[in-house]
Amino acid sequence: MKRLVALIPMAWLGLFFLVPFLVLLKISVSEPAIAQPPYMPLLDWADGILTIALNLGNYIFLTEDPLYLLSYLSSVKIAAISTILTLLLGYPMAYVIARAPEHRRGLLLMLVILPFWTSFLLRVYAWIGLLKANGIVNNALLAVGVIDQPLVMLQTDFAVYLGIVYTYLPFMILPLYATLSKLDADLLDASADLGARPGTTFLTVTLPLSLPGVVAGSMLVFIPAVGEYIIPALLGGPGTLMIGSVLWNEFFLNRDWPVAAAVAIVMVLVLALPIGLLRRVQAREGERP
Amino acid sequence: MTCTTLTALLLTMPLAAQAQETLNFYNWSDYIAEDTIPNFEAETGIDVNYDVFDSNEVVEARMLTGSTGYDLVVPSLEFMARQAQAGVFQPIDTSKIANYGNLDPEIMRIIATNDPNNTYGVPWMMYSVGPGYNTAMVTERLGAEADLDTWGMVFDPANAERLADCGIALLDSPSEIVGAALNYLGLDPNSEDTADLEQAVELLDGIRPHIRYFHSSQYINDLANGDICVSVGYSGDILQAQDRAAEAGNGVEITYTIPREGALLGFDMMAIPADAPNPDAAHAFIDYFLRPEVTAAVSDAVFYANANKAATPLVSDEVRNDPGIYPPEETVAKMYTPTPKSARFDRALTRAWTTLKTGR
């Protein structure tokens, strides 16, 4: 029975990750064509001879134009900075919720999850209304007299960071809360009894013990942020270079599904690194008594 | 489930069981009159599922994947032409379309350069791509005497610099903007020559610092609200912005002209997918649409010209006499129709566009 239950996630992973990944891998080594679907078949059966045409040129092509490397790096940079900002913002919030009286925690957690009740797309659209030249923020600041010219906030990198941090904050807070709420309060008392100031206690007791939450939260923010397409498309400026939009261009503007698939495969590999790291940290946690 | 919805469900079930004939129609957003579909349904008893899209590229990706389930789609001509090459569409059977003769033979000849013998498509609406601007804001910055009947209004860096503070937007569509730049430079707007492409990109690079954003639909609202003052966009979209501003009474006055250098003349085409479940319903709809009064009502609603010659007298004066919607003959002579480009050129174009936008 136990084995059967363990099979469900494996089947899920196989069906919704492995199979699409293999399809993508297949497209990434084929040739583009004006056809339906717009690429050549990998296997060709003619006159009783089976030929397999593997075109690795799409991967070589990615190394020839610096655009792809630059977009990967730029995406990783934007995702990394957003993750750090989310952590800095999410940690104190998770800490306060975990330390709040028990009857209050439910409400506070509810408030963290509440934004999910509205569609993600609508929430990003709402930021357009807030940030645009004659939007709510600018009009309020103008009315108060803080500024006399509308600030350019929309279509900037600032708006992209804001959008990512805003959208992914709950994914940081929830795992942090999960580890912080399990933290034994006696440990903090013991630390104080031994003469540690609150700051020292935080750095030597709370922070190390909450590290699994920090890692899990960071991965949950970093991984989707690297491939983020909607937020930079709606809030970003023309200078915002991310792999998601490069992928869009390859697929839709160039109609080059094979190169688009190759870009996506490389993106999965770029992400596999932090995921592997996460697994190692978790494995180490598991070894502890 | 409430009691009422349950009753409603029970009531509709026997109807659904009668194998109702349906038409799955996939068209651009904001591109039809309110009563076009209801009238067709009432008259024919065919149930219409009306879906909308806002980009040719999205339609193309779906069509090339196949099995969309649509009976009628409306891609732009140059996209339809390429998809037809991939075997996506079935030929139009004109014998099933009694009103086919209403189509303007002149326009059908222009379309035939991309769709030989008009095999696969029937024009829905026609559009141009040109600059729309906020009259007051632009004259304030360029002077009352300024020459606004030219692409130089945006493409001349000196003008772009003066307009930068009130906001210039360009379509995020490399083929349409680069085509306009080529045409302004006196080069072939359909050129696939990389040397020509470089010249166009150089021109655009000169005005790049003065561009607020590249986007293909946001300018409608922004123009109407006065958030931007110039936008190179689709004729009907800019005229809808003009209409919205007038309705809002916010003092914003929008002008759309086809500059004297000419502009892109585009066609959105009704086409029937090869695997359409109900091609007969699609033909029936095309025939219905080609009735003069039906086409005219759509033009009046969306501010786009049509290719239905019999409909022209029925189009309201406001729309028919607007040179931005129905360009006069001498303007049409200077307009160009985009052609599908080679994959190699499209790649070079996309790459140049990315460099232009991101500086990398």
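Chains as they are written, first to last, in the working numbering: chain W, 8 to 296; chain D, 11 to 370. Beta carbons are placed, not taken as given, at the ideal position from N, Cα and C, and that holds for glycine. Quick caveat, the model's predicted, so the values are computed rather than measured.
Unbroken alpha helix (DSSP H) runs of no fewer than 4 residues, entirely contained in the segment 175-236 of chain W, are found at 192-200, 205-208 and 218-233, following chain order. At a cut-off of 7 Å between beta carbons, D:K367 contacts chain W. Considering only W:W19, W:L254 and W:P239, the residue with the shortest C-alpha distance to W:W134 is W:P239. Near chain D, meaning a CB-to-CB distance below 7 Å, the residues of the segment 137-167 of chain W are K139, A140, N141 and Q162. W:L121 is classed as exposed because its beta carbon has fewer than 16 other beta carbons within 10 Å across all chains shown. The beta carbon of D:T145 sits closer than 8 Å to the beta carbons of E263, I264 and T265 from its chain, once the five residues preceding and following it are set aside; these are given in chain order. According to the DSSP assignment, D:Y266 belongs to the beta strand (DSSP E) that extends over I264 to Y266. Around the C-beta of D:G369, fewer than 16 other C-beta atoms lie within 10 Å, and the residue is accordingly described as exposed. For D:T305, the uninterrupted alpha helix (DSSP H) segment begins and ends at P302 to V312. Cβ-Cβ distances below 7 Å link D:V329 to S309, D310, F313 and I335 in the same chain, with the five nearest sequence neighbours on each side left out; the list follows chain order.
By the Cβ neighbour-count rule, D:W38 is buried, with 16 or more other Cβ atoms within 10 Å of its own. The C-beta distance from W:E71 to W:P265 rounds to 15 Å, too long to meet the 8 Å contact threshold. Residue environment analysis places D:P323 among the exposed positions, since fewer than 16 neighbouring C-beta atoms fall within 10 angstroms of its C-beta. Under the Cβ distance rule, D:Q209 does not count among the residues neighbouring chain W, no pair being separated by less than 7 Å. Put simply, the CB of D:E186 is far from chain W, with every gap to its CB atoms at 7 Å or more. Counting of Cβ neighbours within 10 angstroms places D:S326 among the exposed residues, the total staying below 16. Annotation for D:F165: the continuous alpha helix (DSSP H) segment containing it runs G162 to F165. It is roughly 36 Å from the alpha-carbon of W:P205 to the alpha-carbon of W:V233.
Looking at the DSSP output, D:Q100 bridges to D:I282. Here the alpha carbons of D:V69 and W:A42 stand approximately 15 Å from one another. Taken through DSSP and simplified to helix, strand or coil, D:G142 comes out as strand.
DSSP links D:S241 through a beta bridge to D:G142 and D:A179. Ranked by Cα distance from D:P167, the options D:S183, D:E150, D:A191 and D:D182 are led by D:A191. Taking 7 Å as the CB threshold, W:L29 stays off the interface with chain D. Per the Cβ contact rule, the segment 145-155 of chain D is not in contact with the segment 216-223 of chain W (fewer than 3 Cβ pairs under 8 Å).
At a cut-off of 7 Å, the C-beta of D:F224 has a neighbouring C-beta in chain W. Interface flag for D:T360 against chain W is set, since a Cβ pair is found closer than 7 Å. In the DSSP assignment, D:G276 forms a beta bridge with D:Y137. Going by DSSP, D:F63 is part of the beta strand (DSSP E) stretching over D57 to F63. Residue W:I180 holds the alpha-carbon nearest to the alpha-carbon of W:L116 among W:T207, W:I171, W:Q156 and W:I180. With respect to chain W, the C-beta atom of D:E88 has no partner C-beta closer than 7 Å.
In terms of CA proximity to W:D164, W:S89 leads the group W:R287, W:S89 and W:Q156.
For D:N37, the enclosing beta strand (DSSP E) has its first and last residue at T32 to W38. Counted as a single uninterrupted DSSP element, the beta strand (DSSP E) harbouring W:W52 occupies residues L50 to A53. If you compare the alpha carbons of W:I34, W:Y168, W:G142 and W:A60 with that of W:L96, the shortest gap goes to W:Y168. Using beta-carbon distances, W:A240 does not count as an interface residue toward chain D, since no partner is under 7 Å.
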